[in-house]
Structure formats: C-alpha cells, structure tokens
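Residue numbers (the numbering used here): 8 to 268. Everything below concerns the one structure shown next.
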C-alpha cells in the first residue's frame with residue numbers, strides 16, 4: 008500500500024487551519040483518511056476563546072480515533088460523536104451558538120477488505136479511482152450551487168445560508184449536521200486509489216482549469232502531492248490580474264492526501 012500527503016498554509020506567518028491524517032491498523036487490513044479544512048473567520052468575534060487550528064486538531068483527532076476504533080459505526084455517526092466530543096471540551100467557556108464558532112469542512116474515507124465508505128461535508132473533494140483508471144469526484148456541491156448574491160457579504164452568509172436549510176453545512180458545534188453530509192459505500196474491488204483535497208489544493212481544477220479530476224489524480228500519483236501544491240502556488244502567484252481568483256484570497260491553506268488501496 009502507498010500513501011502520501013502534503014499540506015501547506017496559505018500564509019507561512021499563520022498557523023495552517025487544515026488537518027490531515029492517514030491511519031492503518033496494525034493488522035494491515037483496512038485503513039482510513041481524514042481531511043478537515045478549517046473555515047477562516049472574518050475579522051471580529053467568533054464567540055470562542057479558541058483558534059480554528061485548535062478546533063480542527065481536536066475534531067480531526069476525535070474523528071480519526073472514532074473512525075478507526077468503531078469500524079461498524081457509520082461515518083456519519085462517527086462524525087456526530089466527534090463534533091459532540093469537541094463541543095463538550097469548550098462549551099463551558101465559549102458561545103457555541105455563534106455562527107462563526109470554529110468550524111471545518113470534512114472528508115473521511117474508510118476501507119476494509121470488503122468495502123470503501125466515504126463522507127464529504129462542504130467544499131473539499133474526494134477522488135475515487137477505479138481499477139480501469141476512471142475517476143469519480145465525490146462532492147458536496149451545495150455551496151457551489153448558491154447564487155453569488157447569497158454570498159455577497161459575510162453578514163448575508165451567516166444570516167441566511169451558513170448551516171441553514173437551502174444553504175450549506177460545515178462541522179461546527181451541532182452534531183446533527185453530520186446527517187447532512189454526502190455519504191456512500193463502494194465495493195472494495197471497485198476502488199484502486201483515493202485522493203482527498205481541500206479547496207486550496209482543488210483550485211488546480213476548480214479555479215485554474217489546468218485539467219479535470221482524472222488529470223489531477225494522475226498528477227498526484229505520478230509526480231506527488233507536493234507537486235500539485237507547488238503548481239497551485241505558481242498559478243496563484245501568476246494570477247496578478249485576479250482573472251481566476253476573483254475575490255478569493257491569493258493563497259489558501261492547501262492539503263492533499265493520496266492512498267493506493
């Protein structure tokens with residue numbers, strides 16, 4: 008089995024808000040990957056004493072442990088428990104009802120000798136390569152389908168679409184959000200490799216159009232996860248006219264993990 012991961016902050020003077028883990032049981036059978044993309048809050052209060060990296064480290068750690076230690080529990084239930092556990096760790100000190108309480112997007116994949124389970128919440132992506140080389144992108148596209156007017160300001164987003172019906176969902180402090188995730192199960196023999204990307208790494212496809220998802224996975228497999236991040240950074244630096252980035256920040260935290268099963 009081959010696994011590889013790379014993660015880089017958008018600003019090297021700030022902490023990386025992403026979280027990534029790959030776990031392989033000592034038995035050598037099965038494994039899991041977990042990728043979180045912490046949501047950078049706007050300037051102003053979040054109701055929480057803690058940083059986004061604090062949150063992603065705790066949620067990611069809890070989710071990794073539960074995903075591996077409870078193999079018969081569905082991934083949505085593992086995420087729900089991880090959110091509840093994390094919320095309990097700071098509910099006495101923080102206002103977890105604040106719309107900008109620390110939160111994150113989530114990708115989880117867990118595989119055994121019989122099946123591959125997956126969960127995607129918000130705008131990170133999981134790529135699945137089949138034995139014939141075809142690649143399927145598993146996405147939660149609710150954020151992408153919202154009209155631009157709904158995302159015009161942070162106040163509009165928080166009031167009307169963040170973690171609300173008709174909007175989009177992230178893992179924050181409400182365990183029930185786990186039921187909103189995109190989930191599924193694939194036969195193990197239909198999966199050759201997996202790649203999970205936060206949106207900072209997915210820019211290679213989604214913003215710059217350098218290739219499709221098949222090209223993206225091939226690039227990671229043949230040249231490495233670090234190469235994908237380096238190419239994204241080069242494209243960002245070259246987009247001085249903001250033709251591709253638009254209102255998005257120039258550099259975002261970027262994470263990619265690859266696993267051949």
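The beta carbon of each residue, even a glycine, is placed where N, CA and C say it ideally should be.
Quiz item: In the structure shown, what three-state DSSP assignment does residue 194 receive?
Solution: Residue numbering aside, residue 194 sits at position 187 when the chain shown is read from its first letter. Residue 194: strand per DSSP, three-state reduction.
Quiz item: Would you call the segment 253-260 and the segment 204-217 in contact, with 3 or more CB pairs under 8 Å?
Solution: yes
Quiz item: Which partner residues does residue 208 have in the DSSP bridge list?
Solution: Numbered from 1 along the chain shown, position 201 holds the residue referred to as residue 208. In the DSSP output, where bridge partners are listed per residue, residue 208 has none listed.
Quiz item: Given a threshold of 16 other Cβ atoms within 10 Å of its Cβ, counted over all protein chains shown, does residue 230 qualify as buried or as exposed?
Solution: As a working note, residue 230 is residue 223 in the chain shown. With fewer than 16 Cβ atoms within 10 Å of its Cβ, residue 230 is classed as exposed.
Quiz item: Expressed to the nearest angstrom, what Euclidean distance is found between the alpha-carbon atoms of residue 249 and residue 97?
Solution: Reading the chain shown from its first residue, position 242 is the one you call residue 249. Reading the chain shown from its first residue, position 90 is the one you call residue 97. So the alpha carbons of these two residues sit roughly 39 Å apart.
Practice problem: Tell me whether the beta-carbon of residue 175 lies closer than 8 Å to the beta-carbon of residue 129. | Solution: Indexing the chain shown from 1 puts residue 175 at position 168. Indexing the chain shown from 1 puts residue 129 at position 122. Yes, the Cβ-Cβ distance between residue 175 and residue 129 is below 8 Å.
Practice problem: Just the C-alpha distance for residue 185 and residue 70, rounded to the nearest angstrom, thanks. | Solution: Taking the first residue of the chain shown as position 1, residue 185 is located at position 178. Taking the first residue of the chain shown as position 1, residue 70 is located at position 63. About 12 Å.
Quiz prompt | residue 220 versus residue 45: straight-line alpha-carbon distance, rounded | solution = In the chain shown, counting from the first residue as 1, residue 220 sits at position 213. In the chain shown, counting from the first residue as 1, residue 45 sits at position 38. Cα-Cα distance, rounded: 23 Å.
Exercise. Would you check if there are 3 or more beta carbon pairs closer than 8 Å linking the segment 8-15 to the segment 83-95?
Key: no
Quiz item: residue 112 lies in the beta strand (DSSP E); which residues open and close that run?
Solution: On the chain shown, residue 112 is found 105 positions in, with the first residue counted as 1. Residues 111-118.
Exercise. Run the proximity test for residue 174: is its beta-carbon closer than 7 Å to any non-hydrogen atom belonging to the ligand MN?
Key: The ligand MN is not part of this structure, which contains no ligands at all.
Quiz item: Which word fits residue 245, buried or exposed, when buried means at least 16 other C-beta atoms lie within 10 angstroms of its C-beta?
Solution: Within the chain shown, numbered from 1, the residue matching residue 245 stands at position 238. Under this definition residue 245 is an exposed residue.
Exercise. Check whether the Cβ atoms of residue 201 and residue 144 lie closer than 8 Å to each other.
Key: The residue given as residue 201 occupies position 194 in the chain shown. The residue given as residue 144 occupies position 137 in the chain shown. Contact: no.
Quiz prompt | Straight-line gap, residue 8 to residue 234 (C-alpha atoms, nearest Å) | solution = Start at 1 with the first residue of the chain shown, and residue 8 comes out as number 1. Start at 1 with the first residue of the chain shown, and residue 234 comes out as number 227. Roughly 20 Å between the two C-alpha positions.
Quiz prompt | Proximity below 8 Å, CB of residue 93 to CB of residue 62 | solution = Your numbering for residue 93 matches position 86 in the chain shown. Your numbering for residue 62 matches position 55 in the chain shown. Against a cut-off of 8 Å, the Cβ pair of residue 62 and residue 93 comes out as a contact.
Quiz prompt | Start-to-end residues for the beta strand (DSSP E) that takes in residue 235 | solution = For the purposes of this step, residue 235 is taken as residue 228 along the chain shown, with counting starting at 1. Run containing residue 235: none in the beta strand (DSSP E); it sits in the alpha helix (DSSP H), 232-245.
Exercise. Please classify residue 271: does DSSP put it in a helix, a strand, or coil?
Key: Absent from the model: residue 271. The displayed extent of the chain is 8 to 268, so no value can be given.
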